[in-house]
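*Asks:* Take a look at this one; I'll ask things after.
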Amino acid sequence: VTRKTALSLLAALAALIAAPEARAQLGGRGGPTRGGAPTQSSPTRNTNVGPRAGASGDDEPPPPPPRSEPTAQPPDDPLDVPESVKERIGSDWDGRPAGPAGAKVERSFFPYYQERRGDYRLRLLPPFYLEHTRGLDGRTGASTPREDVQSLTALTYYRRRSPDHDADVIFPLAWHVRNKESRTYVLGPIAHREAPFEHDNWLAPLFFEGSRKDGGYFHSPALLTTANWSKEKSFTIAGPYFRDRQGTDVDMGVAPLYFHGDNGDVEGNRRTYSLIPPALYFHSEQELEGSDLTVVGPVIAGGDRKRGFFDVAPLFYSIRGRPESGGVSESHTTLFPLFHYGRSPKQTLFVLPGYLRRVTPTVDTLLTPVFSHATTRNGATALTMIGPLAPIFYRYRDDDVGEKALGVFPFYYGSSAPTGRTFMTPLFSRFESYNVSRTYWVFPNLVYERDVKGWSTAFHPLVYAGRSERSTHAVLAPIFWDFASPKGRTTIGFPLYWRFADAKDGTVLQVAANTLYKEKRVAGGTDWQFHLLPLFSYGQSPAGHFWNLLFGLAGYERDGATANIKAFWLPIQVAGPKAQAAAR
C-alpha cells in the first residue's frame, strides 16, 4: 500500500479506538445532556442532601473540578504498520525503489551528460561510460549511506556499490558479487563462494565442492564420483562403490560384488542384510521377529524364535521346533522323493513311496496302493478301501449326517443318506433323490428318469422319449424325430416326411414325398398352398385363390377384384383395371 493509504487507515483506527473513551468522559455532572438529563458513564451514587455533621447549615460542598475534553495522542511513527496488520492487508510493493522525488530535473551536458532529480542521478558518456545512482541527498545531491551506484565502463566492466549488494564484473572472465553477507568470486572455470556457515569451490568441469550448515556435496565427473550429505540423508557413488543413507538406514556395496544394508534401529527393530552374488551368499536378520536367513549355494538355513530350518535344495529339508523360546516340540525331515517324517504335539506324518500314515487327535489315515483306511472327527466318519489300484472293496460311513456306502466291485454298490439312496449292480441300477428325481438303468442301455418337471425314457442309441413341463420329444433314430414346445414343433420322418411349425408367426412348412404344403397367418385369415409336384397346385387366401397345372401351363388366380388366367405360363388379366381398359 502507499504511504498515504497507510496513514489514512491508521488515523481511522485511532479515531475508532478513542471514540468510546471520549464519549464516556463527556458524561457526569456539568457535561452535555441528552433530553434535559445528565449523561453518566457509571451508576448514580446516592448522596445525603443537607448540612453535614460538623458543618454549618449555610456551607455547601465545593463544586467538582471541570473535566477536560479527551485528546488522542498521535503515534510516534504515523507510517509504521504493525506486523499483524501487514500480514492481513498484504502489500502491493514490487521490490523496486519508489520513483525519484523532486520538483524538477537538473541537466548538464559537459564533460558528460548528467541529469538529477531528488535522490536519482544519471551520467552518460556513450559508449564509454554509463552510471546510475539512487539514494542521494534529495536537496544537495550529496552521497549518503544508503547510496546505490551502478556503472558500466567500456561495455565490459560492470560495477555496483550499495549497502546490501556489491559487484565487480569484467565480462565474461572475472566476477565478484556480494549479496549482503554472501560473496562470490569467479575467474574463468574457477568459482568460489563464501557465506555464513557455507562455502562453494568449483573447478569446472573437474570437480564441484561445497558445504552447508548441516551438510555438503562433492562431484567429480573425472573420478566418476558424486556425493551429497546432510543430517537427514546422504548419497555417494564412486565408481562401483555406492552408499545411500536415509536417517539411520544405510545401504552400501560394490556392484556387482557386494551389497549390505542396515536400518540402524536401536529400539528393537533392527534389520540387516548382506549379499555376495559371486559366492551365491545371502544373509539377513530381523530383530523384531527374531528371524534370520542364510543362503550359500543350495544350502538354506535360518529360522525364527519358534522354529529353525536347514535345507539342501532340492533333496533334503529339515525343520526343528524351539520350545525354549515359545515354539513347540516338533521335527520334520524330508529326503525327497524317498522319505518324509514329521512329528508335532498334535500330529505325526510318515511318508514312503506307496505308503502314507497321518495321525492327529481326530484323524487317523493310512493310504497304500492295496489298502487304505481313514477316520476323521474322532471316528464319526470312517473310510475303508481295498485298492485303489485294483478296487475291490469300499466302505464309508458318516454318523453325523447319517450317510452310509458299501461297494463290492464289480458286483454291488449301495449308499443311503437323508437326501437319497443309490443301488447299483451290473444288470440294474436305481438312483433316487427324495422328492426330486428317480432314475432307473437296465442293462445294457435302457434308462428311465422321472423328476418334478416330467419324465424321459432312453434306449441308447435308438429310442428317446419324454416330457419336461410343456415340451415333449420322441426320437426313433435315425428315421423319426419329433420335438414340440409352446414355441413350435418339428417332425421328421426321414427321408420322406418333413414338417416345421412356428407358433410365434403361425407358419407351417410340410414336405411329404412329392407334396408340399405351406401355411401362414395373415391379416383376415390364413394363406395356404398345396402342391402335388410337379403336376398340380392349389391355394387360398382371404382375398382369393389360385390353381396351376405344371407350374402355370394352365392356371387361374383371383386376388380381390383382379383375376388372371395362365396359358403356356403367360398371365392374362381377365378382370381388373387392365381388362376394363382393353374392353374400352
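Quick note on our numbering: the sequence shown kicks off at 14 and runs consecutively. Ideal Cβ placement from N, Cα and C applies to all residues, glycine included.
Measuring alpha carbon to alpha carbon, tell me which residue in LYS99, PRO139 and ARG152 is nearest LYS117.
*Replies:* The shortest C-alpha separation from LYS117 is found at ARG152.
*Asks:* Going by the CB atoms, is the gap between ALA556 and GLY537 shorter than 9 Å?
*Replies:* Contact: yes.
*Asks:* Would DSSP call ARG502 helix, strand or coil?
*Replies:* The answer is strand: DSSP assigns ARG502 an E or B state.
*Asks:* Once the 5 residues before and after PRO382 are set aside, which same chain residues still bring their CB inside 6 Å of it?
*Replies:* Excluding positions up to five away in sequence, the list reads GLY367 and LEU402.
*Asks:* Can you list, in chain order, the residues of its chain whose CB lies under 7 Å from that of SER243, leaving out five sequence neighbours each side?
*Replies:* The residues are ASP227 and GLY228.
*Asks:* Answer with buried or exposed for LEU566, where buried requires no fewer than 16 other C-beta atoms within 10 angstroms of its C-beta.
*Replies:* Burial call: exposed.
*Asks:* Could you name the residues of the same chain whose beta carbon sits closer than 6 Å to that of TYR230, not counting the 5 residues immediately before and after it, in chain order?
*Replies:* Excluding positions up to five away in sequence, the list reads GLY223 and ASN241.
*Asks:* I'd like the ranges of any alpha helix (DSSP H) spanning at least 4 consecutive residues and lying wholly in the segment 90-163.
*Replies:* Whole alpha helix (DSSP H) segments, 4+ residues: 96-102.
*Asks:* Can you find a heavy atom of the ligand PLP that lies under 8 Å from the Cβ of VAL421?
*Replies:* Of the ligands one can find in the structure shown there are none, so the ligand PLP has no counterpart to examine.
*Asks:* Just to confirm before moving on: does the CB-CB distance between ARG371 and ALA395 stay below 9 Å?
*Replies:* Against a cut-off of 9 Å, the Cβ pair of ALA395 and ARG371 comes out as no contact.
*Asks:* Taking its Cβ as the centre, do 16 or more other Cβ atoms sit within 10 Å of TYR407, making it buried, or is it exposed?
*Replies:* Counting Cβ neighbours within 10 Å, TYR407 comes out buried, since at least 16 surround it.
*Asks:* Quick check on this structure: which residue in PRO218, VAL199 and SER195 has the alpha carbon closest to the alpha carbon of GLU211?
*Replies:* Minimum Cα distance to GLU211 is reached at SER195.
*Asks:* Per DSSP, what kind of secondary structure is LYS591 in: helix, strand or coil?
*Replies:* Looking at LYS591 - three-state DSSP - the assignment turns out to be helix.
*Asks:* Could you give the first and the last residue of the continuous beta strand (DSSP E) run that contains HIS189?
*Replies:* 187-192 is the span of the beta strand (DSSP E), which, as asked, contains HIS189.
*Asks:* Quick check on this structure: which residue in THR347, ARG571 and GLN299 has the alpha carbon closest to the alpha carbon of PHE322?
*Replies:* If we check each option's Cα against that of PHE322, THR347 comes out closest.
*Asks:* Between TRP560 and SER550, is the Cβ-Cβ spacing less than 9 Å?
*Replies:* Cβ distance < 9 Å, so TRP560 and SER550 count as in contact.
*Asks:* For the beta strand (DSSP E) containing ILE289, list its first residue and its last residue.
*Replies:* Segment 284-289, the beta strand (DSSP E) holding ILE289.
*Asks:* Assuming ARG534 and GLY519 are in contact, meaning their beta carbons sit under 8 Å apart, how far apart are those beta carbons, in whole angstroms?
*Replies:* 3 Å between Cβ atoms; contact.
*Asks:* How is LEU562 classed by DSSP in three states: helix, strand or coil?
*Replies:* Three-state DSSP puts LEU562 in a strand.
*Asks:* For LEU563, count neighbouring C-beta atoms within 10 Å of its own C-beta (all shown protein chains included) and say buried if the count is 16 or more, exposed if not.
*Replies:* So LEU563 ends up on the exposed side.
*Asks:* Note down the Cα distance separating LEU583 from LEU509, rounded to an integer number of angstroms.
*Replies:* Each residue's alpha carbon lies about 33 Å from the other.
*Asks:* Check whether the Cβ atoms of THR285 and GLY303 sit closer than 9 Å, and answer yes or no.
*Replies:* No, the pair does not count as a contact, with Cβ atoms beyond the cut-off.
*Asks:* Mind checking whether ARG390 and VAL376 have CB atoms under 9 Å apart?
*Replies:* In contact: ARG390 and VAL376 (Cβ atoms closer than 9 Å).
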